[in-house]
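**Student:** Residues in the sequence shown are numbered consecutively from 12, following my numbering. Note that beta-carbon positions come from the ideal geometry of N, C-alpha and C, so glycine has one too. Note that the coordinates shown come from a computational prediction; the quantities given were computed from them, not determined experimentally. Before anything else, here's the structure in question.
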Amino acid sequence: MQKAKDDSDPLIKAAKIIKKGGLVIFPTETVYGLGANAFNVEAVKKIFKAKKQPTNNPLIVHIADKKDLRKVVANVPLLAKELIDNFWPGPLTIIFKKRLEIPLELTAGLDTVAVRLPNHALARSLIREAGVPIAAPSANISGRPSATEAIHAKKDFNGKNIFILSAEKTRLGIESTVINILVKPPVILREGAVSREELEKVIRIIEIRDKRQEVGDFKIISPGMRHCHYAPKIKLVLPQGDWQNSPKEISSLIEKYQNKKKRVGVLGTRENYQFYKKANRVIVLGSKKNINTCASNLFKSLRDFDRFADVDIIIAETFPEKDLGTAVMDRLTRAAGL
Ligand code: TXA
Ligand code: MG
12 MQKAKDDSDP LIKAAKIIKK GGLVIFPTET VYGLGANAFN VEAVKKIFKA
62 KKQPTNNPLI VHIADKKDLR KVVANVPLLA KELIDNFWPG PLTIIFKKRL
112 EIPLELTAGL DTVAVRLPNH ALARSLIREA GVPIAAPSAN ISGRPSATEA
162 IHAKKDFNGK NIFILSAEKT RLGIESTVIN ILVKPPVILR EGAVSREELE
212 KVIRIIEIRD KRQEVGDFKI ISPGMRHCHY APKIKLVLPQ GDWQNSPKEI
262 SSLIEKYQNK KKRVGVLGTR ENYQFYKKAN RVIVLGSKKN INTCASNLFK
312 SLRDFDRFAD VDIIIAETFP EKDLGTAVMD RLTRAAGL
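Printed below as a string of structure tokens:
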């Protein structure tokens, strides 16, 4: 006989909360998400409120299986099919024309919807068990670094009584890449865990959205991109000039700030540690030979500086803008408010 499904199983409990119109924090392979039933307007509104997210920043809809895409989008263009075949399940979010059932509150008034099929067994089981697509932004208070561990989300939403479906540290640690294929040429709206280089093996000619400009004749609307993001509470600065010179540049900046009686923190790679010896705290992201590890440690490291709270300013090493280095530089630039 099949065992009755009860609340002692966190997955069942989480799915019940979603069905009832509540919020759940859940893991994905990129970062933790703050989820609600994507078809339920009131539930979607709760996300914006809990996260203090501006209502002009649309959410991503998460599905568990490719067949469920039709429930949220009006049609699936050929280009999207190719991307889906190559990258789903995985950290690629694709923009589609939305179905009427997707509330405008979720899409910030746009007639498009961002959809992703996460490569995470627990996330997919939750969506299947809930029986509805799950709308979810990253599980952090708006503007803060994303949560790569359940404890980060717990801290941000402390006191809000939101159920956390916890799992281990997220594998990739940086958010999905957001691509719009409804325009020609396709545009990367947010660099993320799937690099431009990987995408270009499948579809050619991709523009990367100029952070502050419209691209070509198109008004590329991804409103969330305008806000200051990923920022630790402590001021973060980046060295000027080429990434290759950044360790040397940082070493003179340490002295400059310390002369002004500021305690300096450095976020850098293991190989360049020697340049940072005079800093008051150094957090090592990983080896510069492994940008994936550096990316996966980025948000935790930014949060750690806040947690230790023993420096007045953080200087971050810069990275070449290729592969995941592009996404890392995007996050660092935004964290620095540039
Ligand atoms: O990895 C991820 O993508 C994580 C996990 C939880 O799935 N989610 C995430 O969501 O990072 P969020 O809300 O932090 O970022 C969603 C991004 C924003 O930049 C938003 O502007 C963009 O997707 N977006 C959502 N809907 C859009 C739409 N219809 N058109 C253009 N951009 C859209
Ligand atoms: Mg986010």
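1. So for Leu264, helix, strand or coil by DSSP?
2. Under 8 Å: do the region 168 to 179 and the region 312 to 329 share three or more Cβ pairs, one atom per stretch?
3. When burial is assigned at 16 or more other CB atoms within 10 Å of the CB, is Phe59 buried or exposed?
4. Taking the C-alpha atoms as reference points, what is the distance between Ile302 and Asp334?
5. Say yes only if the C-beta of Glu186 is nearer than 8 Å to one or more non-hydrogen atoms of the ligand MG, and no if none qualify.
6. Quick check on the burial criterion: 16 or more other C-beta atoms within 10 angstroms. Buried or exposed for Ala320?
7. Using a threshold of 8 Å, is the CB atom of His240 nearer than that to any non-hydrogen atom of the ligand MG?
8. For His240, collect the residues of the same chain with a Cβ closer than 8 Å to its Cβ; drop the 5 residues on either side in sequence, then sort them by chain order.
9. Following the continuous beta strand (DSSP E) through Val189, name the residue where it begins and the one where it ends.
10. Can you give the Cα-Cα distance for Asp315 and Lys244, rounded to whole angstroms?
11. What residue does the alpha helix (DSSP H) around Thr245 start on, and which one ends it?
12. Expressed to the nearest angstrom, what Euclidean distance is found between the alpha-carbon atoms of Ile190 and Gln269?
13. The alpha helix (DSSP H) that contains Leu117, what's its start and end?
14. Measuring CB to CB, does Ala242 end up less than 9 Å from Pro148?
15. Run through DSSP, which three-state label would Ile74 get?
16. Determine the extent of the alpha helix (DSSP H) in which Val84 is found, giving its start and end residues.
17. Report all residues from its chain with a CB closer than 6 Å to the CB of Pro21; omit the five preceding and five following residues, and keep chain order.
18. Report the residue from Val205, Ser263 and Ala26 whose alpha carbon sits nearest the alpha carbon of Thr104.
19. How many Å lie between Ile29 and Glu282 at the Cα?
20. Spell out the partners DSSP gives Arg292 in its beta bridges.
21. Might you give, ordered along the chain, the residues of its own chain that have their beta carbon closer than 8 Å to the beta carbon of Ala85, omitting 5 neighbours on each side?
22. Among residues of its own chain, excluding the 5 on either side of Trp254, which ones have a beta-carbon nearer than 7 Å to its beta-carbon?
23. What separation, rounded to the nearest whole angstrom, lies between the Cα atoms of Gly120 and Ala338?
24. Which residues mark the beginning and the end of the beta strand (DSSP E) in which Ala146 is found?
25. What are the partner residues of Asn130, as DSSP defines its beta bridges?
26. Consult DSSP for Lys299 and reduce its assignment to one of helix, strand or coil.
27. Could you name the residues of the same chain whose beta carbon sits closer than 7 Å to that of Thr123, not counting the 5 residues immediately before and after it, in chain order?
28. Between Leu34, Met340, Lys82 and Asp76, which has its C-alpha nearest Arg201's C-alpha?
29. By the three-class DSSP mapping on this structure, what secondary structure does Thr344 have?
30. Can the beta-carbon of Glu209 be found closer than 9 Å to that of Thr181?
31. On a CA-only basis, which of Lys289, Lys267, Thr66 and Leu128 is nearest Ile74? Give me that one, please.
32. Between Val213, Arg292 and Pro196, which lies nearest to Arg220 when the distance is taken from Cα to Cα?
33. According to the neighbour-count rule (16 or more other Cβ atoms, all chains shown, within 10 Å of its Cβ), is Lys230 buried or exposed?
34. Within 10 angstroms of the Cβ of Ser298, are there 16 or more other Cβ atoms? Answer buried if so, exposed if not.
35. Shortest alpha-carbon distance to Ile185 belongs to which of Ala290, Val198, Leu313 and Leu89?
36. Using DSSP bridges, identify the partner residues of Lys56.
**Tutor:** In terms of the structure at hand:
1. In the structure shown, Leu264 sits in a helix (DSSP, three-state: H, G or I).
2. no
3. When all chains shown are included, Phe59 counts as buried.
4. 8 Å
5. yes
6. exposed
7. yes
8. Gly154, Arg342, Arg345 and Ala346
9. Thr188 to Asn191
10. 11 Å
11. It is Ile, not Thr, that sits at residue 245 in the sequence shown. Annotation for Ile245: no alpha helix (DSSP H) segment contains it, and DSSP assigns it neither H nor E.
12. Their Cα atoms are separated by approximately 42 Å.
13. Leu115 to Thr118
14. no
15. coil
16. Note, Val84: premise wrong, no alpha helix (DSSP H); not H, not E.
17. Leu176
18. Val205
19. Taking the straight line joining both Cα atoms gives about 46 Å.
20. Residue pairing for Arg292: DSSP places it in a beta bridge opposite Gly276.
21. Phe107, Lys108, Lys109 and Arg110
22. So the list reads Thr329, Phe330 and Pro331, once near-sequence residues are dropped.
23. As the crow flies, the alpha-carbon of Gly120 is around 27 Å from that of Ala338.
24. Ile145 to Ala147
25. In DSSP, Asn130 forms no bridge with anything.
26. coil
27. Ile106, Phe107, Lys108, Lys109 and Leu193.
28. Met340
29. helix
30. no
31. Leu128
32. Pro196
33. Reliability of the predicted coordinates at Lys230 is poor, the pLDDT of 43 falling under 50, and the value obtained from them is presented with this limitation in mind. By the neighbour-count rule (16 or more Cβ atoms within 10 Å), Lys230 is not buried but exposed.
34. exposed
35. It is Leu313 whose Cα lies nearest to the Cα of Ile185.
36. Lys56 pairs with nothing; no bridge assigned.
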